[in-house]
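K.L.:
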Amino acid sequence: MTEPTNLQPSSAGGKSMHGVPFERRAPARVGLIGAGGRGQFLLGELRACEGVQLAAVADARQEMIEALKPKLADDPPAYYTGANCGQKLLEHDLDLVIVATSWETHTPLALEVMEAGKHAAVEVPAAVTLEECWQLVETSERTRRHCIMLENCCYGYWEMLVKRMCAAGLLGSLTHAECAYIHNLRSYLLQYQQWRRQAHIRSNRNLYPTHGLGPVAQCFDIGGEDAFDYLVSMSSREAGLSEYRARHIPADDPRQQEGYVCGDMNVSLIRTRQGRTIVLQHDVVTPRPYDRIFLVSGTKGTFRDYPPRLYLDEASQSEEEWLNVDNYRAAWEDPLWKEQGEQAIRLGGHGGMDYLMLYRLMQTMHAGLPPEMDVYDAADWSAPGPLSEQSVARRSAAVDFPVFRR
Ligand SMILES: NC(=O)c1ccc[n+]([C@@H]2O[C@H](COP(=O)([O-])OP(=O)(O)OC[C@H]3O[C@@H](n4cnc5c(N)ncnc54)[C@H](O)[C@@H]3O)[C@@H](O)[C@H]2O)c1
1303 MTEPTNLQPS SAGGKSMHGV PFERRAPARV GLIGAGGRGQ FLLGELRACE
1353 GVQLAAVADA RQEMIEALKP KLADDPPAYY TGANCGQKLL EHDLDLVIVA
1403 TSWETHTPLA LEVMEAGKHA AVEVPAAVTL EECWQLVETS ERTRRHCIML
1453 ENCCYGYWEM LVKRMCAAGL LGSLTHAECA YIHNLRSYLL QYQQWRRQAH
1503 IRSNRNLYPT HGLGPVAQCF DIGGEDAFDY LVSMSSREAG LSEYRARHIP
1553 ADDPRQQEGY VCGDMNVSLI RTRQGRTIVL QHDVVTPRPY DRIFLVSGTK
1603 GTFRDYPPRL YLDEASQSEE EWLNVDNYRA AWEDPLWKEQ GEQAIRLGGH
1653 GGMDYLMLYR LMQTMHAGLP PEMDVYDAAD WSAPGPLSEQ SVARRSAAVD
1703 FPVFRR
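Sequential numbering from 1303 applies to the sequence shown in my numbering.
Dropping the structure here:
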């Protein structure tokens, strides 16, 4: 059974935005909406990129703007705060606006950005409903503005290296991948005013699919030779967040009244049109080390991360042992890492991938090239959020991916 609404766009669709180049812009004039933890971090990395003019910053909360001002004192942007601060920022002459706010505001703000004639670069996930996925696609096509989801994990060292191995056929015909967002966030989620906790009250689904799925989608050339076909999903019981709360929060605290419905572990299985399978996991409440898994298998070998290791038919001596993947760095490292890796690691954002993502985005704007991730990637990689919720609610029934690329 499938949800018919998953398959249907609300309009006949516009001309594709895939491969559409940016107008050449050097320097690029950039604005930021949402100067919280992530937004302030991105600003630091963005300012390390050449040819960027940070023109305006908006945050609904005055205190976030005040905290930012000393850091940008050498070249201050225009600041906006309070209700409608995003709309005021959009009156500026800007090429690109980064949206680093809470999940439910990503799509509404990205739509306003594109309607105002600017390209949007949105934090993950870009959308939380299928309707929002369609709105992003349709608005991008109609306004001819890009909507890029800032999936930094696509710029991780091993992700970029393995993508090159896949494209060159080193792993053979690709058949299977496993990926995840496994991150013990219990104490963070239970902070008093943490908005992310609300999603655990509302939804039983994979709340954060894109960090794992984006790099795998690129290895499988989703949107090119392959496409996501359907998904089935199952959630475990909820226990981790409520037990942690019982141990760490006073009995009379209002948070004790909250009911969490999101299962601790959500496992989804995706089948692609080319018959490949993907296991996609989400768990942010179990005590265990951080893991995105990032396993890619083909007929000639397998890569698996955390820690990184490789098995190749042609080189492995034993069926029990992985190869030392360090021996493959020199031949397979992405040129972007060769060229900018040192600077990226020095700046530090998630091991360097944050800087490389922004560096590449700015490079494509300066040169008038198409962005490396487009609105269809944003929709495809965000869709497992709502799709997993539909499947979980129907005893893991199969649900079809919408065809966002027309
Ligand atoms: N890619 C990554 O590795 C990564 C890492 C951390 C966070 N994130 C993402 O970044 C986003 C922000 O997360 P965060 O941890 O910085 O949250 P945060 O709560 O620290 O910051 C969000 C900020 O947005 C502001 N805001 C919310 N709605 C607004 C609106 N309509 N107009 C203007 N300002 C608004 C809030 O006042 C707040 O300061 C989330 O989507 C999160 O998933 C991504």
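By construction, the Cβ of each residue, glycine as well, lies at the ideal position given by its N, Cα and C atoms.
Return the bridge partner residues of Ser1537 from the DSSP annotation.
P.N.:
The partner list for Ser1537 (beta bridge, DSSP) reads Asn1568.
K.L.:
Residues in its own chain within less than 6 Å of Met1659 by CB, not counting five upstream and five downstream?
P.N.:
Asn1454, Tyr1457, listed in sequence order.
K.L.:
Less than 7 Å separating the Cβ of Asp1702 from some heavy atom of ligand 1?
P.N.:
Not under cutoff, so the answer is no.
K.L.:
Rounded to whole angstroms, what's the CA-CA distance from His1668 to Glu1540? Just pull it up for me.
P.N.:
Cα to Cα, the separation comes out at about 47 Å.
K.L.:
Extract the residue ranges of the alpha helix (DSSP H) inside the region 1653–1682, only unbroken runs of 4 or more that lie entirely within it.
P.N.:
The qualifying runs are 1655–1669.
K.L.:
Would you call the region 1328–1341 and the region 1682–1691 in contact, with 3 or more CB pairs under 8 Å?
P.N.:
Counting Cβ pairs under 8 Å, fewer than three are found: no touch.
K.L.:
Shorter than 7 Å, the distance from the beta carbon of Cys1387 to the closest heavy atom of ligand 1, or not?
P.N.:
Yes - ligand 1 has a heavy atom lying nearer than 7 Å to the Cβ of Cys1387.
K.L.:
Flag this pair as yes or no: are the beta carbons of Thr1409 and Gln1364 separated by less than 8 Å?
P.N.:
No. Outside cutoff.
K.L.:
Taking 7 Å as the cut-off, does the CB of Asn1454 come closer than this to any heavy atom belonging to ligand 1?
P.N.:
Yes, the beta carbon of Asn1454 sits closer than 7 Å to at least one heavy atom of ligand 1.
K.L.:
Buried or exposed, going by whether 16 or more other CB atoms sit within 10 Å of the CB of Ile1503?
P.N.:
Exposed.
K.L.:
For Thr1304 and Asp1376, what's the separation of their Cα atoms in angstroms?
P.N.:
The predicted model places Thr1304 with a pLDDT of 40, which falls under 50 and marks its position as unreliable; any figure quoted below should be read in that light. Computed Cα separation, rounded: 55 Å.
K.L.:
Consult DSSP for Ile1484 and reduce its assignment to one of helix, strand or coil.
P.N.:
In the structure shown, Ile1484 sits in a strand (DSSP, three-state: E or B).
K.L.:
DSSP three-state call for Ile1647: helix, strand or coil?
P.N.:
Three-state result, Ile1647: helix.
K.L.:
Less than 7 Å separating the Cβ of Leu1411 from some heavy atom of ligand 1?
P.N.:
True, at least one ligand heavy atom lies under 7 Å from that Cβ.
K.L.:
At what residues does the alpha helix (DSSP H) containing Cys1449 begin and finish?
P.N.:
Cys1449 -> not in any alpha helix (DSSP H); beta strand (DSSP E) instead, spanning 1449–1451.
K.L.:
Measure from the alpha carbon of Ile1367 to the alpha carbon of each residue in Ala1337, Asp1682, Cys1449, then state which is nearest.
P.N.:
Minimum Cα distance to Ile1367 is reached at Ala1337.
K.L.:
Can you give the Cα-Cα distance for Val1464 and Met1536, rounded to whole angstroms?
P.N.:
Going by the C-alpha atoms only, they are around 28 Å apart.
K.L.:
Taking 7 Å as the cut-off, does the CB of Ser1404 come closer than this to any heavy atom belonging to ligand 1?
P.N.:
Ser1404 Cβ: within cutoff of ligand 1.
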